[in-house]
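Only one structure is covered here, and it is reproduced in the block below.
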Amino acid sequence: MCGIVGYIGDKKAAPILLAGLKKLEYRGYDSAGIAVQEKKAVKIVKKEGKLDKLKSRTEEEVFYGRTGIGHTRWATHGRPSDINSHPHTDSFSEIVIVHNGIIENFRELKEELSAAGHQFKSETDTEVVAHLISTYYDDDLRTAVNKTVERLEGSFALAVMSRQEKDKIIAVRKDSPLIIGLGENENFLASDIPAYLEHTDNFYILEDGEIADIRKDKVNIYKFNGDLIVNKNKTKISWDAEMAEKQGYQHFMLKEIHEQPESLKRLLEDNLNGGQIDLTASGLAEDWLDNYDKIHIVACGTAYHSGALAKYLLEDKLRIPVEVEVASEYRYRNPIVDAGTLMIVVSQSGETADTLAALRLAKKKGASVLALTNSRDSSIARESDMVIYLKAGPEIAVASTKAYTNMVAAFYLLLVDGMRQRDNISDQITAEYTSDLIKLPEMIRKLSEQSKEQIQAIANNYEDKENIFFIGRNTDYTLALEGALKLKEISYIHAEAYPAGELKHGTLALIEEGVPVVALGSRADIFSKLFSNLKEVKARGAETLLITEENQKFETESVDHLIELPILNKDFAGLLAIIPLQLLAYYTALNCGEDIDQPRNLAKSVTVE
Ligand code: M6R
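Numbering (my numbering), first residue to last: 1074 to 1682.
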């Protein structure tokens, strides 16, 4: 959600800024712009729409400058337009700024500045910050920015330049991520690591309440109170630039679907020790289950769906109460959470604003927080007491696939580790679960290869549909939720998920001739119940797709399309059933001709609430 880049060094800044923005496209945006320090002025080019538009606009201008900042904007205050795009300036174009986040008190500040004679060009909250900095500016940009941030409420990452001080970029972080890439006689600034991985693997991760003075040959980082931070830790990133490229796939999403066997294997191997699950590296005690009387799982979107699935399994096997809730609801009620609560927050990006706020709320009330996240050094990782890293590698497509799989797998690890601690579950059963878990990556690999053509054929049938329903029971219901979300977010076809048994309490009224219904039947234990619901929709004309394990017995006349899954422990079958759902969403969106990796209105990292 919005992307910031910055460059200062000996090379021309504009192409480096544009390339950095390209790498951040996945975050989601509707306009983009850059500002470069030229001899006499700061030259700004900004444009509504995709980066290609900005690129052709920059080709009409000549940029020589070696210092600059850039931005992709995801509109919050004011519609997407050239004027509302970043960078913004003060009235005299002395101060130039790009911003991620939301300034909550911008109205009050705007009124105050307007009364003092400031005139605003855009509808954004960001422009107000540029004007405010100019009122404090007295030939020292860092001090002016520092005074400004003391007046700001909300979340922000800022990159600021001054026409007077061409040798520096000032960057600030509060509740919105910002990293500084360190090079030889050049330094980079970005909201996320992939922007500059091809230039460096050495980064400073700014913490909340830090302000950086970035020059081409040095970076000084201060606290908001002015103290210089000595010996700030540098982070060495092990991903290479290749990992964040498409590597011959038409889309990142397809590449990421196919990476799942490898990334899942990485997670499992990381948490196995001599064939036994060992989660102690996360900070969990060996007998962690004894320390808590309840579990709260809080997350958003796809990450929430992984938690919804986990609730069924953890309660069934571990007999501990588990609540699962979307973070935006949890944070604004008064949940019963205390020192006996294990709060599990799940987040690919580790920066989701609502999840972070829920984490802080639970911590304040005494809960222990375990994060399942893909992002080392993210806010959620740093603020949690314990962390299981998902090890999915960079996930670029907005639609989450491999991170979801590793979220569910991380819950499987917790499940089996918890089973080891329960006296009523034999060592033999725990060992069988562990060995089933280890089989998953290879089974997923085979299934993705074998089901591809069949799914492409079904997807050809879906592209013209207006509504598609997904049904399931138990963990299969949570897969239905995820399948429906995946399909709607990238194909824009309306899709809804229902617990199969709930259909006849209302939704069945929407089923008519030709409406596709995807029935998830991966759980052998309740297959017959699910199948009765499938027959109900078939009797009303639905076009049915059944996803179930091979050798399952049923009346074939009720099933129009069938995808068979290899047979595995019913509790783990979900990670097999999700593969056809991901591919179905992908190929349907491909047929619809949509922008699969960057669906409209969506952002990869949702850093505002
Ligand atoms: O980074 P997070 O896992 O916290 O993100 C949560 C959701 O925004 C995310 O899963 C979203 O629902 C995806 N676009 C789904 O594909």
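Note that the Cβ used here is the ideal one computed from N, Cα and C, for glycine as well.
Asked: Could you check whether residue 1557 and residue 1573 sit closer than 8 Å to each other, using their CB atoms as the reference points?; Found: no
Asked: In this structure, what does DSSP give as the bridge partners for residue 1120?; Found: 1105
Asked: Just mark residue 1289 as buried or exposed, buried being the case when its beta carbon has 16 or more other beta carbons within 10 Å.; Found: buried
Asked: Within 10 Å of its beta-carbon, does residue 1689 have 16 or more other beta-carbons around it, so buried, or fewer, so exposed?; Found: Given a span of 1074 to 1682 for the chain in the structure shown, any question on residue 1689 remains unanswerable.
Asked: Can you give, in chain order, each stretch of the beta strand (DSSP E) that sits fully within the segment 1613-1648 and has at least 3 residues?; Found: 1616-1622, 1634-1638
Asked: On a Cα-Cα basis, can you pick out the residue from 1092, 1141, 1082 that is closest to residue 1116?; Found: 1141
Asked: Counting only the same chain and skipping the five closest in sequence on each side, list residues whose C-beta sits under 8 Å from that of residue 1394.; Found: 1366, 1367, 1368, 1388
Asked: May I have the straight-line CA-CA distance separating residue 1612 from residue 1594, to the nearest angstrom?; Found: 18 Å
Asked: Looking only at DSSP bridge pairs, what is residue 1172 linked to?; Found: 1231
Asked: Pull the bridge partners of residue 1444 from the DSSP assignment, please.; Found: 1418, 1460
Asked: Based on the DSSP secondary-structure assignment, which residues constitute the bridge partners of residue 1153?; Found: Bridge partners of residue 1153: none, in fact.
Asked: If contacts are defined as beta-carbon pairs under 8 Å, then residue 1649 and residue 1520 qualify, I think. What distance do you get, rounded to the angstrom?; Found: 6 Å
Asked: Under the rule that 16 or more other beta-carbon atoms within 10 Å means buried, what is residue 1596, buried or exposed?; Found: buried
Asked: To the nearest angstrom, report how far apart residue 1207 and residue 1194 are at their CA atoms.; Found: 15 Å
Asked: Could you name each continuous beta strand (DSSP E) segment of 3 residues or more that falls completely within the segment 1205-1252, going from the start of the chain to the end?; Found: 1227-1235, 1242-1247
Asked: Within a Cβ cutoff of 8 Å, which residues of the same chain sit near residue 1539, ignoring the five residues on either side of it in sequence?; Found: 1566, 1567
Asked: At 3 residues or longer, and completely inside the segment 1573-1619: list those beta strand (DSSP E) runs for me, N to C.; Found: 1589-1594
Asked: Determine, using beta-carbon pairs with one atom in the segment 1519-1536 and one in the segment 1633-1652, whether at least three such pairs fall under 8 Å.; Found: yes
Asked: Does DSSP classify residue 1298 as helix, strand or coil?; Found: coil
Asked: Do the CB positions of residue 1559 and residue 1676 come within less than 8 Å of each other?; Found: no
Asked: Could you give the DSSP three-state label for residue 1320: helix, strand or coil?; Found: coil
Asked: Could you pull out every residue in the same chain whose Cβ sits closer than 8 Å to the Cβ of residue 1544, ignoring the five residues on either side in sequence?; Found: 1550, 1553, 1570, 1571, 1572, 1573, 1576, 1590, 1591, 1592, 1593, 1603, 1606, 1607, 1610
Asked: Would you kindly check if the distance between the Cβ of residue 1170 and the Cβ of residue 1233 is under 8 Å?; Found: yes
Asked: Just to confirm, does residue 1428 get its C-beta within under 7 Å of one of the non-hydrogen atoms of the ligand M6R?; Found: yes
Asked: Would you mind working out which of 1282, 1463, 1293 sits nearest residue 1303, comparing C-alpha positions?; Found: 1293
Asked: Classify residue 1669 as helix, strand or coil using the three-state DSSP reduction.; Found: coil
Asked: State the DSSP-derived secondary structure class of residue 1263, mapped to helix, strand or coil.; Found: strand
Asked: Can you tell me where the beta strand (DSSP E) with residue 1681 in it begins and where it stops?; Found: Run containing residue 1681: none; DSSP gives neither H nor E here.
Asked: Just to confirm before moving on: does the CB-CB distance between residue 1467 and residue 1267 stay below 8 Å?; Found: yes
Asked: Taking residue 1308 as the reference, give the member of 1585, 1273, 1296, 1499 with the closest Cα.; Found: 1273
Asked: Anyone know if the C-beta pair for residue 1414 and residue 1435 falls short of 8 Å?; Found: yes
Asked: Nearer than 7 Å: is that true of the beta carbon of residue 1373 relative to any heavy atom of the ligand M6R?; Found: yes
Asked: What residues in its chain sit with their C-beta under 8 Å from that of residue 1614, if we drop five residues either side in the sequence?; Found: 1584, 1585, 1586, 1587, 1588
Asked: So, do the segment 1492-1504 and the segment 1397-1412 have three or more beta carbon pairs nearer to each other than 8 Å?; Found: no
Asked: If we call anything under 8 Å between Cβ atoms a contact, is residue 1287 one with residue 1079?; Found: yes
Asked: Pick out whichever of 1433, 1426, 1561, 1600 has its Cα sitting closest to the Cα of residue 1682.; Found: 1426
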